[in-house]
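Top line first, the protein sequences correspond to chains Y and G.
Residue 1 is where the first sequence starts when you use the numbering used here, and the numbers rise one by one after that.
Residue 1001 is where the second sequence starts when you use the numbering used here, and the numbers rise one by one after that.
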Amino acid sequence: MAKILIPTPLRQYADKKDSLEAPGSTVGEVLAAATAQHPDLRKQIYTEEGKLRSFVNVYLNDEDIRYLDKDKTAVGANDTLSIVPSIAGGWAGERA
Amino acid sequence: MIEIELQPWQQMTAHAEATYPNECCGAMLGSTDENGKTVTVALALDNASTGSQRARYELRPEDLLKADREARSRKLELIGIYHSHPDCDAYFSETDLKNSCPWYSFVVLSVQRGRFDHANCWLPDAEQTHAEKEELSWPKS
């Protein structure tokens, strides 16, 4: 089964584990299986419409799945998925 | 409540001052218990914003992935992100909010004329519509 590394703040939604293992042959299947066991984790990662939240990136080992085959990217038993947020900002000239 | 220890605090403010007049950014590692969060390590990360960095910052997700691996290897937790606001208050801007993530504490360092001035910490919501202020403690000496 593939391994999913859980970011620290989300471990409270994953039985306090720092990683989970879940079955599946694609990224989508593995994440679906893992979050089916942990519905509160699912709410953190997916919208109510079932899409990954806008700030959520998924890496297969060292590769961003957006540049692979997205949620249809094939996953092997020794692969590791990481959940990594997009973060940016700045005051952007809004006020001095 | 989030408390930042002396060494990471000195690194964060030095990073913010050295990067002035541009914005800096980095990751905060530490631990969490029933009393709150304690930052024991600051990791300076690249500002990957391709436009002017005077009022924008962007973290590469792969850098954040490395920071998370660094935390795991040290038996620490990735608990927050910091960035600076050059010549601007340490508020959580619309740009900060629209590009935030609700999982982490966001420390904003105000740098005025090249010197650290003040800081605040923020906890954005999942909808990226609101950020609550989080009590922030740092060494005052």
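From the three backbone atoms N, C-alpha and C, an ideal C-beta is built for every residue, glycine too.
Since the model is a prediction, treat every value here as computed from it, not as a measurement.
Inset, instruction - Tell me, please, whether the region 1058-1077 of chain G touches the region 1003-1019 of chain G by the rule of three or more beta-carbon pairs shorter than 8 Å. - result: no
Inset, instruction - Compute the Euclidean distance between the alpha carbons of Ile-65 (chain Y) and Phe-1116 (chain G), then round it to the nearest angstrom. - result: By one-based count along the first sequence, residue 65 (chain Y) stands at place 65. By one-based count along the second sequence, residue 1116 (chain G) stands at place 116. Distance between the alpha carbons of Ile-65 (chain Y) and Phe-1116 (chain G): 39 Å.
Inset, instruction - Spell out whether any CB of chain Y is found under 8 Å from the CB atom of Ala-1055 (chain G). - result: In the second sequence, residue 1055 (chain G) corresponds to position 55, counting from 1. It does: the Cβ of Ala-1055 (chain G) has a partner Cβ on chain Y nearer than 8 Å.
Legend entry - Cα-Cα separation, Gly-24 (chain Y) to Gln-37 (chain Y): Residue 24 (chain Y) sits at position 24 when you count from the first residue of the first sequence. Residue 37 (chain Y) sits at position 37 when you count from the first residue of the first sequence. Looking at the two C-alpha atoms, the distance is approximately 14 Å.
Inset, instruction - Could you check how far apart the C-beta atoms of Glu-94 (chain Y) and Glu-1094 (chain G) are, in whole angstroms? I think they sit under 8 Å. - result: Locating residue 94 (chain Y) in the first sequence gives position 94, counting from the first residue. Locating residue 1094 (chain G) in the second sequence gives position 94, counting from the first residue. Glu-94 (chain Y) to Glu-1094 (chain G), Cβ: 6 Å. Contact.
Legend entry - Where the beta strand (DSSP E) containing Ser-86 (chain Y) begins and where it ends: In the first sequence, residue 86 (chain Y) corresponds to position 86, counting from 1. Note, Ser-86 (chain Y): premise wrong, no beta strand (DSSP E); not H, not E.
Inset, instruction - Would you check if the region 39-56 of chain Y and the region 1011-1027 of chain G touch, i.e. whether three or more CB-CB distances between them fall below 8 Å? - result: no
Legend entry - Glu-1077 (chain G) and Leu-1029 (chain G) closer than 8 Å at C-beta: By 1-based counting over the second sequence, the position of residue 1077 (chain G) is 77. By 1-based counting over the second sequence, the position of residue 1029 (chain G) is 29. Cβ atoms of Glu-1077 (chain G) and Leu-1029 (chain G): closer than 8 Å.
Inset, instruction - Under the assumption that Gly-1036 (chain G) contacts Met-1001 (chain G) (Cβ atoms under 8 Å), give the Cβ distance between them as a whole number of angstroms. - result: Position 36 of the second sequence, counted from the start, is the residue given in the question as residue 1036 (chain G). Position 1 of the second sequence, counted from the start, is the residue given in the question as residue 1001 (chain G). Confirmed, Cβ separation roughly 4 Å.
Legend entry - DSSP three-state assignment for Ala-96 (chain Y), whether helix, strand or coil: Within the first sequence, numbered from 1, the residue matching residue 96 (chain Y) stands at position 96. Interpretation of Ala-96 (chain Y) is limited by its pLDDT of 45, a score under 50 that renders its predicted location unreliable; no figure is taken from the coordinates.
Legend entry - Any chain Y beta carbon closer than 8 Å to Ser-1100 (chain G): Here residue 1100 (chain G) corresponds to residue number 100 of the second sequence, with the count starting at 1. Cβ-Cβ to chain Y under 8 Å: yes for Ser-1100 (chain G).
Legend entry - Through-space distance from Asp-15 (chain Y) to Tyr-1104 (chain G), alpha-carbon basis: Here residue 1104 (chain G) is taken as the residue at index 104 of the second sequence, counted from 1. Here residue 15 (chain Y) is taken as the residue at index 15 of the first sequence, counted from 1. Approximately 19 Å between the Cα atoms of the pair.
Inset, instruction - Check the C-beta distance from Tyr-1057 (chain G) over to Gly-90 (chain Y) and give it rounded, since I have them as a contact under 8 Å. - result: Mapped onto the second sequence, residue 1057 (chain G) falls at position 57. Mapped onto the first sequence, residue 90 (chain Y) falls at position 90. Indeed they touch by this definition, with Cβ atoms about 5 Å apart.
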